[in-house]
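Have a look at the structure below before the remarks.
In our numbering, the protein residues as written are 46 to 269.
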């Protein structure tokens, strides 16, 4: 047996052109489907509503405390709890780790607001995909559109808060619950547990969502 390493294959220009052609054709087929067009139109609408006029975002002492906490994390001063504010005293600090990334790049709060807005926009696309899988295109379009344009959803998606990751975690929790209750695949309880564990470091909404998940677990066990 020869111990020499196999030669690295470098694609020929013709192969690169062929791969590019296949990719373009796949993208064309993807875009021809109306549901995919609707998905990206909704995502674009959500992004525009969340990313325009970021100089008008809410910036009060709570937001200042959140960014100061994120800056401390960037200096490796790792907290156990989040910043103490009147609105949410000692909120858990998972989102502070996320906000530490834009704070290290630029101290302008609008940069942090961009990251939070993008997270919410991604959750809207995920909401569409989840609703499409279990309830059809019509429900997916209605749910994602309402999520994208509802004024309070837009306002909160531009706000620098400790629950910035909550939308993504909510969708992840809903997906795992659907897999357990609809697809009847109990291994998704692991995902439910992970989502709830992360929520416990994100928002006080964890307690209500954990209670709902517990009730569903009891009902699921009786039906199983």
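All C-beta atoms in this analysis are idealised placements derived from N, C-alpha and C, irrespective of residue type, glycine included.
Under the three-state reduction of DSSP, residue 180 is assigned to helix. Per the coordinates, the alpha-carbon of residue 207 lies some 12 Å from the alpha-carbon of residue 245. Buried is the label assigned to residue 247, since at least 16 other Cβ atoms lie within 10 Å of its Cβ. At the C-beta level, residue 204 and residue 108 come within 9 Å of one another. Note on the region 137-218: whole alpha helix (DSSP H) runs with a minimum of 4 residues are 139-150, 154-180, 182-194, 196-202, in chain order. For residue 93, the enclosing alpha helix (DSSP H) covers residues 79-96. In terms of Cβ geometry, residue 148 and residue 96 do not form a close pair [threshold 9 Å]. Burial is judged here by how many other beta carbons sit within 10 angstroms of a residue's own beta carbon; residue 166 has at least 16 and is buried. In this chain, the alpha helix (DSSP H) harbouring residue 107 covers 106-119. Contact check for residue 103 against residue 145 fails: the beta carbons are separated by 9 Å or more.
The residue from 62, 249, 73, 229 with its alpha-carbon nearest to that of residue 211 is 249. For residue 258, the CB contacts under 8 Å within the same chain, skipping 5 residues up- and downstream, are 218, 222, 237, 241 in chain order. Excluding the 5 residues flanking it on each side, residue 235 has no same chain C-beta neighbour closer than 6 Å.
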